[in-house]
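**Student:** For the sequence shown, the working numbering assigns the number 1245 to the initial residue and increments by one for each residue that follows. We treat Cβ as the ideally placed atom computed from N, Cα and C, and that holds for glycine. Sharing a structure below in structure tokens format, with a few things to ask.
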Amino acid sequence: MNRLDRYVFRSAATAFLGTLLVLTAMIWVTQALRELDIMTTQGQTIIAFVVITALALPALILGLAPAALFMAVAQTLFRMNSDSEIVVASAAGISTWRFLRPLVILALLVAAGCAALSIELVPAAMRQFRYEITRVRADVVAFIAQPGRFTTLSQGMVFHVRERNANGVLGGIFINDARDPKEVNTYLAERGQVIDSAEGTFLVLEEGAIHRRTPGKPDSNVVEFQRYAFDLSPFTNSGEPTVYRAPERSFRDLWSPDPKDVVVRIEGTGRFTEELHRRLSLPLYVLAFFAIACAALAEPRTTREGRGLALAGTAPFIIFLQVTSFGLVNQVRTEPALIPVVYLVPIVFIIGAMISLSGRFKPRMPEAIRIRIDRLAQRVVRATVN
1245 MNRLDRYVFR SAATAFLGTL LVLTAMIWVT QALRELDIMT TQGQTIIAFV
1295 VITALALPAL ILGLAPAALF MAVAQTLFRM NSDSEIVVAS AAGISTWRFL
1345 RPLVILALLV AAGCAALSIE LVPAAMRQFR YEITRVRADV VAFIAQPGRF
1395 TTLSQGMVFH VRERNANGVL GGIFINDARD PKEVNTYLAE RGQVIDSAEG
1445 TFLVLEEGAI HRRTPGKPDS NVVEFQRYAF DLSPFTNSGE PTVYRAPERS
1495 FRDLWSPDPK DVVVRIEGTG RFTEELHRRL SLPLYVLAFF AIACAALAEP
1545 RTTREGRGLA LAGTAPFIIF LQVTSFGLVN QVRTEPALIP VVYLVPIVFI
1595 IGAMISLSGR FKPRMPEAIR IRIDRLAQRV VRATVN
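In structure tokens form, the structure reads like this:
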């Protein structure tokens, strides 16, 4: 690329990365707040919280990249039009297609990045996120071993630990087991430790007593013990295989689903087909968003010719393209005949933008709307002058 190409590419790429970073950070914060219970109730560290919530970033980037590219290209072309840079380039003999070459390279790079994210990286991050959340919620030791707090492990089961030593030994253990409404058991122990074995997970209590009482009766039975194994297996992960949803599946699973898969047997392959074509068509929709911005703002205009209306005129096309993409892809699940249309719609937008840039066809605002806007603008000018 020559100096002009580098200048245009750098301007658009900087705007794209900045927009994508700001939008991703804003939405990530709101999403991360939903997982605060990982620290507040599950006893996890801030590092575990950040790592787990960061697994949602690829999906956020994938969802925001097309919009960020559109805004970055529109802002770059709008600024260059306002500064007459496009007009000067045109006067110097640089065609519109030649001027758009670095932006096309940027759009192709973003489309390739979105393809890589949607095909493998985002599903892998979602699977890892599911695994980490399951692991954290099954971490009984971290859950109950929160010194000074009364922790409800399940309905009717309350734990309290006075302290936890560096070697994992728990001190001052209180357990109130009211799961059985006919009998309430309260366990008190000087110390204890969680042990995993082939038979399950147990909290081995030492130097304690069990207080058994029946609701409605004043007396209770006390049983002292030197060692007692309290079974924690019902509160840990059951070990059942995880059933992944279609967005969490790998591309290979979507391309050739296993007929024995539980999701395939229950729901059929329609959901897999929908997700497959959603991923494959995404790069085309990224290029379509880019083409709409170029068709509206890439042509040279003088500073007296405002580009605000041209930019506002892209809104119906963007909305129509976005709504159509969601609607078509969702219909693919039950109507496989619509699969070619999913790819045809963005291709039509791209071709239409190319024809518009070539000067053969210019989409114009309806005359009635244009007259109404002109009258409104004149009214605003008169009110400002007066």
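Nearest chain D C-beta to P1462 closer than 8 Å, yes or no?
**Tutor:** As a matter of chain content, chain D is missing from the structure shown, which is built from one protein chain.
**Student:** According to DSSP, is S1464 helix, strand or coil?
**Tutor:** In the sequence shown, residue 1464 corresponds to position 220, counting from 1. Three-state result, S1464: strand.
**Student:** Taking the C-alpha atoms as reference points, what is the distance between V1428 and E1407?
**Tutor:** Residue numbering aside, residue 1428 sits at position 184 when the sequence shown is read from its first letter. Residue numbering aside, residue 1407 sits at position 163 when the sequence shown is read from its first letter. If I take the Cα positions, the gap works out to 25 Å.
**Student:** Could you say if the stretch 1508 to 1527 and the stretch 1340 to 1360 meet the contact criterion of at least three C-beta pairs nearer than 8 Å?
**Tutor:** With a cut-off of 8 Å, the stretch 1340 to 1360 and the stretch 1508 to 1527 count as touching, because enough Cβ pairs lie within range.
**Student:** Measure the C-alpha to C-alpha separation of A1292 and D1505 and round it to an integer number of angstroms.
**Tutor:** Counting from one through the sequence shown, the residue named residue 1292 turns up at place 48. Counting from one through the sequence shown, the residue named residue 1505 turns up at place 261. Their Cα atoms are separated by approximately 32 Å.
**Student:** Note down, in chain order, each residue of its chain lying with its Cβ closer than 6 Å to the Cβ of E1451, except the 5 sequence neighbours on either side.
**Tutor:** Within the sequence shown, residue 1451 is the residue found at index 207, counting from 1. Cβ within range, chain order: E1434.
**Student:** Between the alpha carbons of I1330 and D1249, how many angstroms are there, rounded?
**Tutor:** Working through the sequence shown from its first residue, we reach residue 1330 at position 86. Working through the sequence shown from its first residue, we reach residue 1249 at position 5. When rounded, the distance between both Cα atoms is 13 Å.
**Student:** Considering only the beta carbon of each residue, do L1267 and L1308 sit closer than 8 Å?
**Tutor:** For the purposes of this step, residue 1267 is identified with residue 23 of the sequence shown, where counting begins at 1. For the purposes of this step, residue 1308 is identified with residue 64 of the sequence shown, where counting begins at 1. Cβ distance < 8 Å, so L1267 and L1308 count as in contact.
**Student:** Where are the alpha helix (DSSP H) runs, 4 residues long or more, that stay fully inside the stretch 1321 to 1359, in chain order?
**Tutor:** If we require 4 residues or more, the alpha helix (DSSP H) runs fully inside the stretch 1321 to 1359 come out as 1329 to 1335 and 1340 to 1343.
**Student:** Alpha carbons only, please: which of R1345, D1463, A1276 and F1322 is nearest the one belonging to N1246?
**Tutor:** In the sequence shown, residue 1246 corresponds to position 2, counting from 1. Looking at the Cα atoms, R1345 is the closest of the given residues.
**Student:** Taking 7 Å as the cut-off, does the CB of D1249 come closer than this to any heavy atom belonging to the ligand COA?
**Tutor:** Ligands displayed in this structure: none; no statement on the ligand COA is therefore possible.
**Student:** So, is Y1431 buried or exposed, given that buried needs 16 or more other C-beta atoms within 10 angstroms?
**Tutor:** For the purposes of this step, residue 1431 is taken as the residue at position 187 of the sequence shown. Label assigned to Y1431: buried.
**Student:** Would the beta-carbon of L1531 fall within 8 Å of that of T1340?
**Tutor:** If you number the sequence shown from 1, residue 1531 lands on position 287. If you number the sequence shown from 1, residue 1340 lands on position 96. Going by C-beta atoms, L1531 is not nearer than 8 Å to T1340.
**Student:** Less than 8 Å between the beta carbons of F1352 and A1537, yes or no?
**Tutor:** Residue 1352 sits at position 108 when you count from the first residue of the sequence shown. Residue 1537 sits at position 293 when you count from the first residue of the sequence shown. For the sequence presented, residue 1352 should be read as Leu rather than Phe. In this structure, A1537 does not lie closer than 8 Å to L1352 by Cβ.
**Student:** From the DSSP output, which residues share a beta bridge with F1394?
**Tutor:** Here residue 1394 is taken as the residue at index 150 of the sequence shown, counted from 1. In the DSSP output, where bridge partners are listed per residue, F1394 has H1404.
**Student:** Taking 8 Å as the threshold (C-beta atoms), are R1423 and G1400 in contact?
**Tutor:** Taking the sequence shown and counting its residues from 1, the one referred to as residue 1400 is at position 156. Taking the sequence shown and counting its residues from 1, the one referred to as residue 1423 is at position 179. A contact, by the Cβ cut-off of 8 Å.
**Student:** What number of angstroms, rounded off, separates the C-alpha of P1503 from the C-alpha of R1374?
**Tutor:** Taking the sequence shown and counting its residues from 1, one reaches residue 1503 at position 259. Taking the sequence shown and counting its residues from 1, one reaches residue 1374 at position 130. Spanning the two alpha carbons is a distance of roughly 24 Å.
**Student:** Just to confirm, are L1264 and A1312 a CB contact at a threshold of 8 Å?
**Tutor:** Locating residue 1264 in the sequence shown gives position 20, where the first residue counts as 1. Locating residue 1312 in the sequence shown gives position 68, where the first residue counts as 1. Taking 8 Å as the Cβ cut-off, L1264 and A1312 qualify as a contacting pair.
**Student:** Look at the Cβ atom of A1303, then the Cβ atom of A1369, and state whether they are nearer than 8 Å.
**Tutor:** What you label residue 1303 is simply residue 59 of the sequence shown in a count that begins at 1. What you label residue 1369 is simply residue 125 of the sequence shown in a count that begins at 1. Yes, the Cβ-Cβ distance between A1303 and A1369 is below 8 Å.
**Student:** Note down, in chain order, each residue of its chain lying with its Cβ closer than 6 Å to the Cβ of V1466, except the 5 sequence neighbours on either side.
**Tutor:** As a working mapping, residue 1466 is identified with position 222 in the sequence shown. Counting only Cβ-Cβ distances below 6 Å, and skipping sequence neighbours, we find A1453 and H1455.
**Student:** How would you call E1468, buried or exposed, if buried means at least 16 neighbouring beta carbons within 10 angstroms?
**Tutor:** Here residue 1468 is taken as the residue at index 224 of the sequence shown, counted from 1. Exposed is the call here.
**Student:** Round the Cβ separation of L1414 and V1405 to the nearest angstrom and send it over; I've been treating them as touching at under 8 Å.
**Tutor:** For the purposes of this step, residue 1414 is identified with residue 170 of the sequence shown, where counting begins at 1. For the purposes of this step, residue 1405 is identified with residue 161 of the sequence shown, where counting begins at 1. Yes, L1414 and V1405 are in contact; Cβ-Cβ is about 5 Å, under 8 Å.
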